[in-house]
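This report concerns only the one structure given below.
Structure (structure tokens):
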């Protein structure tokens, strides 16, 4: 006979995710009806809501890993990613894309700061939303009671490899995302992109430790935790992702060689 208690944490997580997703979507629909979509304020709020939604769900992912393992985490993260791409209204929820656009002159500094401020606020409020949801459901869920109790303690950043390897993974992971995601077939991108991102995080859980691959998500999860000083935190979770992402952007944006340049290169090799 199956152990019914095994389904308890999953049911609690589903209710948690459902509450976050529905609240975020209802709020977005309310904004669409009350504020002009052409205004910067509307874009600011959409970015804030999307970032808060993602970061709040990320906190609950720890419950999935703890009770059901990394394979279940991969499935859940992929599903959440797909649902978000279908409802996110084009929000970035990461400073990496806006940084790239700012560097290449595609957006103004004021626009970049608008995105960054919205994402910082969204990431900051996510922790308080998560703790509120755990608190109001702890009498119904032992798993959420444990999550709430643990949230009262000081968190710690844990890495399974040498710090240089962790640094390299942040660079390589963000480079991979910037290089691979734009090249996915358009008709299946909304399915494959979340799965690819989930695979990077799953690999990190198994072999690297606490990985961010996104400065805002990492800051929401880990900033202030024991294990890293502020300067090392910024290097690992901000500088390294930006370096990896911009390397991918540089390679992706390089103009293709013209036939004349290819002929010249061939002549030089033959000489």
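Residue numbers (my numbering): 1423 to 1693. Just so it is clear, CB atoms sit at the ideal spot from N, CA and C, and this is done for glycine as well. Since this is a predicted model, take the numbers as computed values, not measurements.
#1: With a CB to CB cut of under 7 Å and the five nearest residues on each side skipped, what residues in its chain are close to residue 1551?
#2: Between which two residues does the alpha helix (DSSP H) containing residue 1477 stretch?
#3: Per DSSP, what kind of secondary structure is residue 1575 in: helix, strand or coil?
#4: Comparing C-alpha positions only, which one of 1672, 1622 and 1633 sits nearest to residue 1493?
#5: Taking only three categories from DSSP, how would you classify residue 1631?
#6: Taking residue 1428 as the reference, give the member of 1491, 1624 and 1525 with the closest Cα.
#7: May I ask you to list the residues that DSSP assigns as paired with residue 1648?
#8: If the criterion is Cβ atoms closer than 8 Å, does the pair residue 1480 and residue 1643 meet it?
#9: Between the beta-carbon of residue 1544 and the beta-carbon of residue 1619, is there less than 8 Å?
#10: Between residue 1626 and the rest of its own chain, which residues show a CB-CB distance below 7 Å, the 5 nearest in sequence each way excluded?
#11: Distance, Cα to Cα, residue 1597 vs residue 1658?
#12: Do you know offhand how far residue 1676's Cα is from residue 1662's?
#13: Looking at the unbroken alpha helix (DSSP H) that takes in residue 1541, where does it start and where does it end?
#14: For residue 1637, does the count of other Cβ atoms within 10 angstroms reach 16, so buried, or fall short, so exposed?
#15: Do residue 1485 and residue 1565 come within 8 Å of each other at the CB atom, strictly closer than that value?
#16: Does the Cβ-Cβ distance between residue 1617 and residue 1509 come in under 8 Å?
#17: What residues in its chain sit with their C-beta under 8 Å from that of residue 1650, if we drop five residues either side in the sequence?
#18: Give the DSSP-derived three-state secondary structure of residue 1512 in the structure shown.
#19: So, do the region 1430-1437 and the region 1556-1564 have three or more beta carbon pairs nearer to each other than 8 Å?
#20: Helix, strand or coil: how does DSSP classify residue 1457 here?
#21: Three Cβ pairs or more, each shorter than 8 Å: is that satisfied between the region 1512-1523 and the region 1531-1539?
#22: Closer than 7 Å by C-beta to residue 1489: which residues in its own chain qualify, once you throw out the five before and the five after it? Chain order, please.
#23: Output needed for residue 1573: all residues of its chain with C-beta closer than 6 Å, excluding positions within five of it in sequence on either side, in chain order.
#24: Near residue 1458, which residues of its chain fall below 7 Å by C-beta distance, leaving aside the five closest residues on each side in sequence?
In short, the structure shows the following:
#1: 1474 and 1478
#2: 1462-1509
#3: Residue state, collapsed to three classes: coil.
#4: Nearest option by C-alpha distance: 1622.
#5: strand
#6: 1491
#7: According to DSSP, residue 1648 bridges with 1578.
#8: Contact flag set, yes.
#9: no
#10: 1591 and 1633
#11: 14 Å
#12: 21 Å
#13: 1531-1559
#14: That one is buried.
#15: Taking 8 Å as the Cβ cut-off, residue 1565 and residue 1485 qualify as a contacting pair.
#16: no
#17: 1579, 1644 and 1658
#18: coil
#19: yes
#20: coil
#21: yes
#22: 1431 and 1565
#23: 1553
#24: 1464
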